[in-house]
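Notes follow once the structure below has been shown.
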Amino acid sequence: MDGKVLPPPSLPPVGPPPVQTNDVTVPVPPGENPRIPTGFTFFGQFIAHDLTFDAHSSFTQRHEPAATTNFRTPLLDLDSIYGAGPVASAHLYDKSSDKTKFLVDADALWDLPRNSQGVALISDPRGDQTVIAAQLFQVFLRFHNAVVDELGSSFATPAELFDAAQQLVRWHYQWLIVHEYLPLIVTQELVSDILDRRGGRRFYKWHDEPFMPVEFAEAAFRFGHSQLRPNYLLNGAFASPLFAAPTPADPRPVDLNGGKRDPRMIINWQIFFNLGANPPGFPFNSMLIDTLLPTSLLRLPFTGPDRPDNPASLARRTLLRHLTFGVPSGQSVARAMNLEPLDPSELVDLEPFGLAQSTPLWFYVLREAARRAQGQHLGPVGGRIVAEVIIGLLQADPRSYLVQNPQWRPVFGQQSGQFGIADLLRFAGAA
Numbered sequence: 073m074d075g076k077v078l079p080p081p082s083l084p085p086v087g088p089p090p091v092q093t094n095d096v097t098v099p100v101p102p103g104e105n106p107r108i109p110t111g112f113t114f115f116g117q118f119i120a121h122d123l124t125f126d127a128h129s130s131f132t133q134r135h136e137p138a139a140t141t142n143f144r145t146p147l148l149d150l151d152s153i154y155g156a157g158p159v160a161s162a163h164l165y166d167k168s169s170d171k172t173k174f175l176v177d178a179d180a181l182w183d184l185p186r187n188s189q190g191v192a193l194i195s196d197p198r199g200d201q202t203v204i205a206a207q208l209f210q211v212f213l214r215f216h217n218a219v220v221d222e223l224g225s226s227f228a229t230p231a232e233l234f235d236a237a238q239q240l241v242r243w244h245y246q247w248l249i250v251h252e253y254l255p256l257i258v259t260q261e262l263v264s265d266i267l268d269r270r271g272g273r274r275f276y277k278w279h280d281e282p283f284m285p286v287e288f289a290e291a292a293f294r295f296g297h298s299q300l301r302p303n304y305l306l307n308g309a310f311a312s313p314l315f316a317a318p319t320p321a322d323p324r325p326v327d328l329n330g331g332k333r334d335p336r337m338i339i340n341w342q343i344f345f346n347l348g349a350n351p352p353g354f355p356f357n358s359m360l361i362d363t364l365l366p367t368s369l370l371r372l373p374f375t376g377p378d379r380p381d382n383p384a385s386l387a388r389r390t391l392l393r394h395l396t397f398g399v400p401s402g403q404s405v406a407r408a409m410n411l412e413p414l415d416p417s418e419l420v421d422l423e424p425f426g427l428a429q430s431t432p433l434w435f436y437v438l439r440e441a442a443r444r445a446q447g448q449h450l451g452p453v454g455g456r457i458v459a460e461v462i463i464g465l466l467q468a469d470p471r472s473y474l475v476q477n478p479q480w481r482p483v484f485g486q487q488s489g490q491f492g493i494a495d496l497l498r499f500a501g502a503a
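Here it is as structure tokens:
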């Protein structure tokens, strides 16, 4: 369920989507972000899918966040890949391994397992939303299988082996989030402050069980859309736009939309993450975190006949969700955090819409990152929301490594006690 850290204000009417072609917060044309490799855009999306899945909310009706069904557990437990486990989600698991491993296609280890109609056999259909998302999802399936192989046959039953492997996979994933992803996104200083008992979480608190704040789910953690590149080079030979709109002349354009298996699209992860031997001259960086979006996000292909109220523009979708979920303005959140809000002069382009002093939180977080951090990481408000919620959810999970064994260190990295995305890819056999 979602909840609110702050009460919702009455937002003024929302004008056109905040997609600009001449944003003064970053150089024009918009630059790349040398701080964050482009693969972390999709790793952040993977985290978001692990935490939330709202399948029913409408863009035309007001919603009470606490009454919204979240089809994911609000924990970093990889239920997006494990489903309900080998018994209740038996179709995800390999019978030949006594269901200790995920089912994978030995003839296409780089791609998700698929049925005869090409539909991915995974717990969360969003894992096949794009070619890049699908292959990253597959990395986690292969990582689990590699951990099972590493643990071997020293367990009395297949169930015990599966449980031990699942715990190690979850803990390495959680470590990667805390020690590599969050420091890149919000700075190591903020992560250390929240983990330090003398600092800690100042705003994200709960009584009986953790909840998913709308300030996080509907605003701050949607910053990754601005990191997207308009086109992606997957390997040395194949490049494509993220999404291409079908036309009468080309009803099935070649793009990175998911739901397909194409050997030309096998990803070279050296182009997406720092693996120590990255090929020179390839587009490696994510884009700056700012209020610029690639034009492909204005014409999303995910508007189906069952969701006629779903706008094609991602920006419009996000702003409508601000209204339907009653998300507070960026200025009200900043004041509640005892932080100085952005000056209206830094939001002058919103004055025609009456939003310069009461700005939708999503747009505010993007503009704050551009103004306060030169677009290289989130600013004070956005960074605090993202870091407190993610770390708070780990601290709320009785099975997380932060709760069960804070002194635990990873065992599958190249260097003892360390583990990053490069180690994940290598151990899974994907790099």
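Residue numbers (this note's numbering): 73 to 503.
Glycine included, every Cβ here is placed at the ideal spot set by N, Cα and C.
State buried or exposed for residue i, treating a residue as buried only when at least 16 other CB atoms are found within 10 Å of its CB.
i: Trp-278; result: exposed
i: Ser-312; result: buried
i: His-449; result: buried
i: Thr-110; result: buried
i: Asp-415; result: exposed
i: Gly-426; result: exposed
i: Glu-460; result: buried
i: Gln-238; result: buried
Rounded to the nearest angstrom, how far is the Cβ of residue i from that of residue j, given a contact under 8 Å?
i: Arg-439; j: Leu-419; result: 6 Å
i: Gly-455; j: Val-286; result: Contact flag wrong, Cβ pair sits at about 18 Å.
i: Ser-161; j: Ser-195; result: 6 Å
i: Pro-19; j: Phe-234; result: Here the chain covers residues 73 to 503 and nothing more, so residue 19 does not appear.
i: Tyr-245; j: Leu-150; result: 6 Å
i: Pro-335; j: Ile-343; result: With 8 Å as the limit, Pro-335 and Ile-343 do not qualify as a contact, their Cβ atoms being about 17 Å apart.
i: Leu-347; j: Leu-497; result: 7 Å
i: Ile-339; j: Gln-207; result: 5 Å
i: Leu-175; j: Leu-193; result: 6 Å
Taking DSSP as the reference, what is the three-state secondary structure of residue i?
i: Asn-307; result: coil
i: Tyr-276; result: coil
i: Ile-108; result: strand
i: Phe-115; result: helix
i: Thr-367; result: helix
i: Ser-401; result: strand
i: Arg-301; result: coil
i: Ser-312; result: strand
i: Ala-502; result: coil
i: Pro-99; result: Because the pLDDT at Pro-99 is just 35, under 50, the model does not fix this residue reliably, and the value given afterwards should be weighed accordingly. Residue state, collapsed to three classes: coil.
i: Phe-174; result: strand
i: Thr-390; result: helix
i: Ala-321; result: coil
i: Pro-146; result: coil
i: Ala-162; result: helix
Suppose the cutoff is 7 Å on Cβ atoms and the five residues either side in sequence are ignored; what does the same chain contact list for residue i look like?
i: Arg-337; result: Arg is not the amino acid found at residue 337; the sequence shown has Met there. Taken in chain order, the residues that qualify are Val-203, Leu-306, Phe-310.
i: Arg-444; result: Gly-451, Pro-452
i: Thr-113; result: Gly-296, Gln-299, Leu-300, Ser-358
i: Trp-434; result: Ala-291, Arg-294, Thr-390, His-394
i: Asp-170; result: Pro-230
i: Phe-356; result: Pro-109, Thr-110, Ile-343, Asn-350
Can you name, in chain order, every residue of its own chain whose Cβ lies under 6 Å from the Cβ of residue i, other than the five neighbours on each side?
i: Gly-489; result: Arg-481
i: Gly-485; result: Phe-491, Asp-495
i: Ala-317; result: Arg-371
i: Gly-429; result: A small correction: the amino acid at residue 429 is Gln; Gly does not occupy that position in the sequence shown. Only Pro-416 meet the Cβ criterion.
i: Asp-327; result: Ser-312, Pro-313, Phe-315, Ala-316
Using a Cβ-Cβ cutoff of less than 8 Å, which residues in the same chain neighbour residue i once the five nearest sequence positions on both sides are dropped?
i: Leu-181; result: Gln-210, Arg-214, Gly-501
**OP:** Output the residue ranges of the alpha helix (DSSP H) runs that lie fully inside the segment 436-497 and measure 4 residues or longer, sorted by chain position.
**Re:** 452-468, 473-476
>> Quick check for students: name the residue ranges of the beta strand (DSSP E) that lie wholly in the segment 336-364, counting only runs of 3 or more.
In response: 357-359
Alpha helix (DSSP H) runs wholly inside the segment 199-229, at least 4 long, in chain order
203-223
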